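Protein chains in written order, with the working numbering: chain A, 0 to 205; chain H, 0 to 205.
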DNA sequence: CAAAGAAGTGAAACATGTTTCACTTCTTTG
DNA sequence: CAAAGAAGTGAAACATGTTTCACTTCTTTG
């Protein structure tokens, strides 16, 4: 045998793979899906179209990773906000504020991740990355019910509705052609909406 | 001149046009967008692919009408539910119940109209038909604020969030592969969510 | 540095639709 | 029923990407 993947090569391969994902994310964040075709991504990553296919077997699989990468940080930050203790309503408020504030800061990418029309094939991947948010809310709601802070309810339903409410209310302001809105007002309004949707504090059991 | 569009012909043309829209709606409702390509729609309407293009200059324009047709009835029913008087919270509850109940009854079509991944080109058309719902909610909220029934708030924000909450909470149950859920519980849960999100009754002004 | 095995190239092939167009059929009129 | 104008046909052309592949370049080993 005359060739073996040496450590250096393996490292470079990993680095190239990484560069592809980064390039895709960059293009999506800058130009949306229109500017993020395979040849453009390959070029941005500094390699040929054909070579890209040594790293990802299809565009769908590449974008699975792109979404994971793009979403993971946001999800982590939200999860952290949720984990910081306090009562259910406080935690929910924190998460909503963090989520909305960050989305409004990285608008173009947030728009692509949440709402920009995209190929059906890829849409399926994107949809998957809503679930972690929903699960964060489910956790908060269940804790709140257990602690008697919020009335008994279907946590899955409430959590899904909150996710939908956040996304839909943000789509307008996130859209590339949106005129700028008062962000703090929007964030506070959204947090209030979500907290109120949980319903009033239930009467204390004796 | 040897040919003139006679009334009969005009009527038949209108009828054919109508048949195209109906065929498209039928295919979408039965098989989703995968089964609703131009040739399939033409065949279902009983004419050739080429002929269809005498009635609609492009697929996007055809689907604009398809969505209008598919949504208009629902929008009308919701608008009617909103118009039936009562206080803001009652009206909101009625609209949410009507909307959700009807969506759950015509599941496949509702799924296609609300959530099924679709070509970006067509997605843009579909998005447009969310606005009427939002506007219905805006009307209710503004009436409620004027009447002092609900606290001052950004009606656009609240209405958007409600639309998003309804859609997202329904997507799961509407998806073709969903296991069946307790519909009445879902409907009531959604209505409660939305009403509570409006916030508590404001203190009466003296 | 020759041999072997991978990785990289980029033009061409493919895939998957939508849309067009040369031709045919139908409808109307005188 | 001939002439004229539309409507209808459906195979072919187009459009718009993604994906492949014959070939080249690079890396490693003995």
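For every residue, glycine included, the Cβ atom is placed at its ideal position computed from N, Cα and C. Quick caveat, the model's predicted, so the values are computed rather than measured.
How many Å lie between residue 202 of chain H and residue 193 of chain H at the Cα?
-> 20 Å
Please name the residue, chosen from A/168, A/180, A/171 and A/151, that lies closest to residue 200 of chain A on a Cα-to-Cα basis.
-> A/151
Grouping DSSP H, G and I as helix and E and B as strand, with all else coil, what is residue 38 of chain H?
-> helix
In angstroms with no decimal places, state the Cα-to-Cα distance between residue 106 of chain A and residue 46 of chain H.
-> 46 Å
How would you label residue 184 of chain H, buried or exposed, when you count the other beta carbons within 10 angstroms and need 16 or more for buried?
-> exposed
The region 175-204 of chain A: positions lying closer than 8 Å to chain H by Cβ = Within the region 175-204 of chain A, the qualifying residues are 184, 185, 188, 189, 191, 192, 193, 195, 196, 197, 198 and 199.
Quick check: the region 122-132 of chain A against the region 13-29 of chain H, are there 3 or more CB pairs under 8 Å?
-> no
Alpha carbon of residue 113 of chain A to alpha carbon of residue 3 of chain A, nearest angstrom | 43 Å
Taking 8 Å as the CB-CB cut-off, is residue 26 of chain A touching chain H?
-> no
Residue 173 of chain H and residue 110 of chain H look like a contact to me (Cβ under 8 Å); what is the Cβ gap, rounded to whole Å?
-> 4 Å
What separation, rounded to the nearest whole angstrom, lies between the Cα atoms of residue 210 of chain A and residue 69 of chain A?
-> Residue coverage of chain A in this structure runs from 0 to 205, which leaves residue 210 of chain A outside it and unanswerable.
Mind checking the region 122-137 of chain A against chain H and listing, in chain order, the residues whose C-beta falls within less than 7 Å of any C-beta there?
-> 122 and 123
Using 8 Å as the threshold, is the region 90-108 of chain H in touch with the region 33-47 of chain H, meaning 3 or more CB pairs across them?
-> no
Is it the case that the CB of residue 10 of chain H approaches a heavy atom of the ligand SAM more closely than 7 Å?
-> Judged by which ligands are present, the structure shown has none, so any question about the ligand SAM falls away.
Reduced DSSP secondary structure (H/G/I, E/B, other) of residue 47 of chain H | Note: residue 47 of chain H maps to coil in three-state DSSP.
Whether residue 87 of chain H touches residue 143 of chain H by CB criterion (8 Å) | Yes. Within cutoff.
Can you give the Cα-Cα distance for residue 159 of chain H and residue 178 of chain A, rounded to whole angstroms?
-> 17 Å
Which of helix, strand or coil DSSP assigns to residue 59 of chain A | helix
Proximity of residue 15 of chain A and residue 52 of chain A at Cβ, strictly below 8 Å = no
Chain-ordered chain A contacts of residue 168 of chain H [CB-CB under 8 Å] = 156, 159, 160 and 163
Considering only the beta carbon of each residue, do residue 149 of chain H and residue 197 of chain H sit closer than 8 Å?
-> yes
Run down chain H in chain order and give the residues with a C-beta less than 9 Å from the C-beta of residue 152 of chain A.
-> Result: 188, 191 and 192.
Sequence-distant residues of its chain with Cβ nearer than 6 Å to residue 63 of chain H (five each side left out) | 124
Determine the chain A residues that contact residue 143 of chain H at a beta-carbon separation under 9 Å, and present them in chain order.
-> Under the 9 Å cutoff, chain A gives no residues; its nearest Cβ is about 14 Å from residue 143 of chain H.
Give a yes or no on whether the C-beta atoms belonging to residue 90 of chain A and residue 139 of chain A are separated by under 8 Å.
-> Yes, these two residues count as a Cβ contact at 8 Å.
To the nearest angstrom, how far is it from the Cα of residue 147 of chain A to the Cα of residue 95 of chain A?
-> Taking the straight line from one Cα to the other gives about 21 Å.
May I ask you to report which of helix, strand or coil DSSP gives residue 30 of chain H?
-> Helix, per DSSP.
Chain-ordered neighbours of residue 118 of chain H on chain A, where CB pairs are closer than 9 Å = 116, 118 and 119
Considering only residues of the same chain and omitting the five flanking positions on each side of residue 121 of chain A, which have a CB-CB separation below 6 Å?
-> 62
For a contact meaning CB atoms closer than 7 Å, what does residue 171 of chain A contact in chain H?
-> 159
How many angstroms separate the CA atom of residue 137 of chain H from the CA atom of residue 161 of chain A?
-> 19 Å
Buried versus exposed, by CB contacts within 10 Å (16 or more), residue 116 of chain H | buried
Once you ignore the five residues that flank residue 180 of chain A on each side, which residues in its own chain have a CB closer than 6 Å to its CB?
-> 172
Please classify residue 165 of chain A: does DSSP put it in a helix, a strand, or coil?
-> helix
If residue 165 of chain A sits next to residue 99 of chain A, beta carbons under 8 Å apart, how far is it from one beta carbon to the other, in whole angstroms?
-> 7 Å
For residue 155 of chain H and residue 186 of chain A, the rounded distance between their alpha carbons | 14 Å
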